[in-house]
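Asker: Dropping the structure in here first, questions after.
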Amino acid sequence: MGRNGRDIRVWLALAAVYVIWGSTYLAIKFATESIPPLLSGGLRFITASLILGTVLLVRKGFAAYRITWREFGGAALVGLLLLTAGNGMVALAEQYISSGLAALLVASVPLWLIVLRMVVRDRPHMLTMAGVLVGFVGVAGLSLGGGTSAGTVGILVILLASVSWSLGSFLSPRISMPKDPFMASTIEMVAGGVGLLVLGTSFGERLDIGAVTGRSWLAVAYLVVAGSLVAFTSYVWLLGNAPISLVSTYAYVNPVVAVLLGTAIVGEQVTHAMLLAGALIVVGVALVVSTERTKPAPRKDAGQPRVGSPEPGL
């Protein structure tokens, strides 16, 4: 099947990416209620990589996925940037700020990607620049509204997470990576998961099995199955079967879903200023996505879907 936006499978896959990735912010908050944030992420990604890796080996066998050490290193580096630093800092930040605010700030990732392109002298379209300006006004509004010192710390951490995720996404099509996107994803999750476990242990995090609540275990299971397997697999499938302009809309739908779920389920407060700043980020990202959708990213293996998704809610 070609890139057909009318196929029912496209809309089912898109719905999974919209809702599940948008809901992962709240799931992370539940998981870290009784599991240390870095260790919870490590458990999530190691488990998901074992499941996905097993499926790949059963389907095609080990010989079908031979890769070079250079490709392995590239995928591992991207995994450390996306998952260890990016996703790990999201979990840390949610100890201090609401899941909705975290999702709104993470929505700035496409804007940071444009900044990185400017650093390497890839001059964006004027409308893209306008989108970046509008989006960063929204980011500034959310950041200045941190209020408490704890809130400010959370916002700074989430912004660092966004920059790290952006760097990983930016490097992904520019360095050697496994040609099969699912194998690349498996290596990324292994590297990212191990990195989170090592970092968490180094920072003194300890897992007390007896103290973990049922809600936290359910949240981790949801993140593994729904967030890291169902939604991510749907995203990779969409890259080869739907218009990129349609697929890219998840970048400004996810934060809306996250805010609605956080408000409805746990009563997270949403102020008018927060909604206005969030709306500016969404508008800015929409401008960037709509302007850039016809410009393919440079990649060493053209024609292969790339895994470096710009969304830490993976």
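Take the sequence shown: its letters are residues 1 to 314, numbered as in the UniProt record's numbering.
By construction, the Cβ of each residue, glycine as well, lies at the ideal position given by its N, Cα and C atoms.
1. Kindly give me the distance between the Cβ atoms of residue 110 and residue 288, rounded to whole angstroms, as I take these residues to be in contact under 8 angstroms.
2. Quick one, which of 185, 131, 78 has its alpha-carbon nearest residue 280's?
3. For the putative contact between residue 183 and residue 20, defined by C-beta atoms under 8 angstroms, what is the C-beta separation to the nearest angstrom?
4. Whole angstroms is fine: what's the gap from residue 92's alpha carbon to residue 240's?
5. Skipping 5 residues on each side, what residues in its chain have a beta carbon closer than 6 angstroms to that of residue 263?
6. Does the separation of the CB atoms of residue 187 and residue 181 fall below 8 angstroms?
7. Is it true that the stretch 11 to 27 meets the stretch 154 to 162, where meeting means three or more beta-carbon pairs spaced less than 8 angstroms apart?
8. Do you know offhand how far residue 72's Cα is from residue 192's?
9. Does residue 75 get closer than 8 angstroms to chain D when you measure Cβ to Cβ?
10. With 16 as the cutoff for other CB atoms within 10 Å, does residue 8 come out buried or exposed?
11. Tell me which same chain residues have a C-beta within less than 6 angstroms of the C-beta of residue 154, skipping the five on either side of it?
12. I'd like to know whether the C-beta atoms of residue 195 and residue 84 end up nearer to each other than 8 angstroms.
13. Among 190, 251, 165, 291, which one has its Cα closest to the Cα of residue 54?
14. Are residue 169 and residue 89 closer than 8 angstroms when you measure CB to CB?
15. Can you tell me whether residue 194 is helix, strand or coil according to DSSP?
16. Among 135, 213, 224, 129, which one has its Cα closest to the Cα of residue 45?
17. Please classify residue 38 as buried or exposed, where buried requires at least 16 other C-beta atoms within 10 Å of its C-beta.
18. Do you know whose CA, among 15, 166, 64, lies nearest residue 86's CA?
19. Would you mind reading off the limits of the alpha helix (DSSP H) that contains residue 29?
20. If I measure Cβ to Cβ from residue 237 and keep anything under 7 angstroms in the same chain, skipping five residues before and after, which residues do I get?
21. For residue 76 and residue 141, I'd like the C-alpha separation in whole angstroms.
22. Assign residue 40 to buried or exposed, taking buried as 16 or more other Cβ atoms, counted over all protein chains shown, within 10 Å of its Cβ.
23. Under 8 angstroms by Cβ, that's how I've got residue 278 and residue 255 pegged, so tell me the actual separation to the nearest angstrom.
24. For the alpha helix (DSSP H) that contains residue 129, what are its first and last residues?
Answerer: So, from the listed chains and residues:
1. Numbered from 1 along the sequence shown, position 110 holds the residue referred to as residue 110. Numbered from 1 along the sequence shown, position 288 holds the residue referred to as residue 288. The Cβ separation is near 5 angstroms, so the contact holds.
2. For the purposes of this step, residue 280 is taken as the residue at position 280 of the sequence shown. Ranking the options by Cα distance to residue 280, first place goes to 131.
3. The residue given as residue 183 occupies position 183 in the sequence shown. The residue given as residue 20 occupies position 20 in the sequence shown. About 22 angstroms separates the two Cβ atoms, so there is no contact after all.
4. To locate residue 92, count along the sequence shown from 1; it is residue 92. To locate residue 240, count along the sequence shown from 1; it is residue 240. Cα to Cα, the separation comes out at about 34 angstroms.
5. To locate residue 263, count along the sequence shown from 1; it is residue 263. Contacts found: 270.
6. Translated into the one-based positions of the sequence shown, residue 187 becomes position 187. Translated into the one-based positions of the sequence shown, residue 181 becomes position 181. Taking 8 angstroms as the Cβ cut-off, residue 187 and residue 181 do not qualify as a contacting pair.
7. no
8. The sequence position of residue 72 within the sequence shown is 72, counting from 1. The sequence position of residue 192 within the sequence shown is 192, counting from 1. So the alpha carbons of these two residues sit roughly 13 angstroms apart.
9. Here there is only one protein chain, and chain D is not present.
10. The residue you call residue 8 lines up with position 8 of the sequence shown. That one is exposed.
11. Indexing the sequence shown from 1 puts residue 154 at position 154. The answer, listed in chain order, is 93, 96, 97.
12. As a working mapping, residue 195 is identified with position 195 in the sequence shown. As a working mapping, residue 84 is identified with position 84 in the sequence shown. In contact: residue 195 and residue 84 (Cβ atoms closer than 8 angstroms).
13. One-based indexing of the sequence shown puts residue 54 at position 54. Selected option, being the one with the closest Cα: 190.
14. Position 169 of the sequence shown holds residue 169. Position 89 of the sequence shown holds residue 89. Not closer than 8 angstroms, so no.
15. Indexing the sequence shown from 1 puts residue 194 at position 194. Residue 194: helix per DSSP, three-state reduction.
16. On the sequence shown, position 45 is the one that residue 45 refers to. It is 224.
17. Position 38 of the sequence shown, counted from the start, is the residue given in the question as residue 38. Its Cβ being crowded by 16 or more others within 10 Å, residue 38 is buried.
18. On the sequence shown, position 86 is the one that residue 86 refers to. For the residues 15, 166, 64, the minimum Cα distance to residue 86 belongs to 166.
19. As a first step, residue 29 is located in the sequence shown; it is residue number 29 there, counting from the start. From DSSP, the alpha helix (DSSP H) with residue 29 extends over 8 to 31.
20. Position 237 of the sequence shown holds residue 237. Here the set comprises 13.
21. The residue labelled residue 76 in the question sits at position 76 within the sequence shown. The residue labelled residue 141 in the question sits at position 141 within the sequence shown. Taking the straight line from one Cα to the other gives about 35 angstroms.
22. Here residue 40 refers to the residue found at position 40 of the sequence shown. Result: buried.
23. Residue 278 sits at position 278 when you count from the first residue of the sequence shown. Residue 255 sits at position 255 when you count from the first residue of the sequence shown. Between residue 255 and residue 278 the Cβ distance is about 6 angstroms, and since that is below 8 angstroms, they are a contact.
24. Position 129 of the sequence shown, counted from the first residue, corresponds to residue 129. Element bounds for residue 129: 126 to 144.
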